Amino acid sequence: MTSDLPGFTCERIATNGITLSVHRAGRGAPLILLHGYPQNHMCWLNVAPALAERFHVIVPDLRGYGDSDAPPDDVAHNVYSKREMARDITGLMDALGIGRAHLLGHDRGARVAYRLALDAPERVDRLGIIEIVPTGDFWAAWNADLALRAYHWTFLAQPAPWPERMIGADPVGYVEHTLASWTLAKSLDVFPPAALAAYRRQAADPARIAAMCADYRAGATTDRRIDEADRAAGARIAAPVMFLWAETGFPARTGRPAEIWRAWAGDVRDAACRSGHFAMEENPGAVLDSFLPFFEGRGRDG
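The sequence shown begins at 5 in my numbering and counts up one residue at a time.
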């Protein structure tokens with residue numbers, strides 16, 4: 005199948021009891037790109053073709069997003085835990101015959117990526133993180149400013165079906181507000197038209213809205229507990245980490261985002277860029293400048 009990412013193909017691949025929609029292009033070392041909320045694979049539109057010139061680039065829609073399956077949540081909020089979503093990705097790697105890969109994640113996809121690096125370190129070569137700090141640390145950093153700016157963390161995590169019903173009154177308007185308000189320019193103009201159309205279509209599907217809420221319910225419960233248990237046990241990310249953060253984004257408001265990551269991994273390098281939350285669309289040059297040399301092994305340990 006033809007992908008809406010130029011030069012990519014699209015296929016549906018069974019993994020971990022569900023089926024993911026997966027876009028692929030390029031040759032070389034495997035590089036898996038994991039999107040965040042409220043987006044899907046199209047958030048990589050401005051950078052994926054350039055990455056595919058150097059790597060075998062694999063871009064799945066996470067469970068519940070895009071064209072991937074959206075299973076119903078469970079009462080313990082394990083179905084959309086980042087541990088379960090990471091198992092989707094290791095299962096995808098198995099289906100493609102890939103033993104190890106680089107991972108690059110943004111937002112919720114970055115949470116899946118670091119969870120995979122902690123749970124299955126033998127599967128990860130290098131780990132790229134865009135615009136997050138670990139879930140437990142972000143909750144611990146909350147103050148009045150973060151509570152107002154990241155209100156969606158508590159709103160979406162409220163018991164079903166109340167967030168779904170409220171968003172359902174104007175789902176496209178809600179997602180458009182979320183997208184625009186998190187950009188530096190406070191505008192939808194930074195998003196490519198094809199990507200914005202994909203986000204609007206996704207928002208109009210009640211199953212996708214329910215999945216997004218389930219994702220955040222897991223973040224407030226299961227994911228947070230798993231992070232806290234790992235921190236107490238001294239768990240560390242073995243892979244080298246590159247962390248890109250926006251100068252005025254959510255991680256910046258914790259006051260010390262790079263140091264938070266250095267508490268989790270021994271090899272962390274970082275860069276700040278002029279962008280809102282959606283760096284791949286707002287400042288794709290900074291994303292490529294940060295991650296191309298990192299995944300090619302150039303720099304500190306290359």
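C-beta: ideal position from N, C-alpha, C; glycine also. All figures in this text were calculated on a predicted structure; none of them were measured in a lab.
Outcome for Met284 when other beta-carbon atoms lying within 10 angstroms are tallied against a minimum of 16:
buried
For the candidate residues Ile134, Asp274 and Phe142, whose alpha-carbon lies nearest to that of Gly109?
Comparing Cα positions, the closest option is Ile134.
How is Ser294 classed by DSSP in three states: helix, strand or coil?
helix
Who does Pro34 pair with in a DSSP beta bridge?
His60
Report all residues from its chain with a CB closer than 8 angstroms to the CB of Ala99; omit the five preceding and five following residues, and keep chain order.
Ile17, Ala18 and Thr19
Coarse secondary structure for His81, derived from DSSP in three states:
Residue state, collapsed to three classes: coil.
Using three-state DSSP, classify Ser352 as helix, strand or coil.
Here the chain covers residues 5 to 306 and nothing more, so residue 352 does not appear.
Quick check: the Cα distance between Pro255 and Leu35, rounded to an integer number of angstroms?
24 angstroms
Classify Phe247 as helix, strand or coil using the three-state DSSP reduction.
Correct three-state label for Phe247: strand.
Using a Cβ-Cβ cutoff of less than 6 angstroms, which residues in the same chain neighbour Val194 once the five nearest sequence positions on both sides are dropped?
Scanning its chain for C-beta atoms nearer than 6 angstroms, with the 5 sequence neighbours on each side dropped, one finds around Val194 the residues Thr187, Glu285 and Glu286, in chain order.
Residues near Gly32 in its chain [Cβ-Cβ closer than 8 angstroms; skip 5 each side]:
Arg58, Phe59 and His60
Taking the beta strand (DSSP E) that His110 belongs to, which residues open and close that run?
Ala105 to His110
Measure the Cβ-Cβ separation of Ala211 and Tyr84 and say whether it is below 8 angstroms.
no
Please state whether DSSP places Val26 in a helix, a strand or coil.
Note: Val26 maps to strand in three-state DSSP.
Tell me which residue opens and which closes the beta strand (DSSP E) that Glu15 is part of.
Thr13 to Thr19
Roughly how many angstroms separate the alpha carbons of Arg235 and Val137, rounded to a whole number?
13 angstroms
Could you pull out every unbroken alpha helix (DSSP H) segment of at least 4 residues lying fully inside the region 162-187, listed in chain order?
166-172 and 175-185
Contact set for Ala215: own chain, Cβ-Cβ below 6 angstroms, skip 5 residues either direction:
Gly68 and Ala74
Roughly how many angstroms separate the alpha carbons of Arg218 and Phe282, rounded to a whole number?
Per the sequence presented here, residue 218 reads as Ala, with Arg not at that position. For Ala218 and Phe282, the distance between alpha carbons rounds to 22 angstroms.
Go through the region 89-155 residue by residue and report every complete run of the alpha helix (DSSP H) that reaches 4 residues or more, in order.
112-123, 139-144 and 148-153
With Gly223 as the anchor, note down where its alpha helix (DSSP H) starts and where it stops.
Pro210 to Ala224
Can you tell me the Cα-Cα spacing of Pro196 and Ala184, whole angstroms?
13 angstroms
Using DSSP bridges, identify the partner residues of Ile230.
Paired residue(s): none; Ile230 is not in a bridge.
Member of Arg28, Met89 and Tyr178 whose CA lies at the smallest distance from the CA of Gly21:
Each of Arg28, Met89 and Tyr178 was checked against the Cα of Gly21, and the nearest Cα belongs to Met89.
Do Trp249 and Ala290 have their C-beta atoms within less than 8 angstroms of each other?
no
Span of the alpha helix (DSSP H) holding Glu300?
Where Glu300 is concerned, there is no enclosing alpha helix (DSSP H), because DSSP gives it neither an H nor an E.
Of all the options Asp141, Thr6, Val179 and Pro42, which has the alpha carbon lying nearest to the alpha carbon of Ala29?
Looking at the Cα atoms, Thr6 is the closest of the given residues.
Checking 8 angstroms against the spacing of the C-beta atoms, do Arg130 and Phe299 come in under that value?
yes
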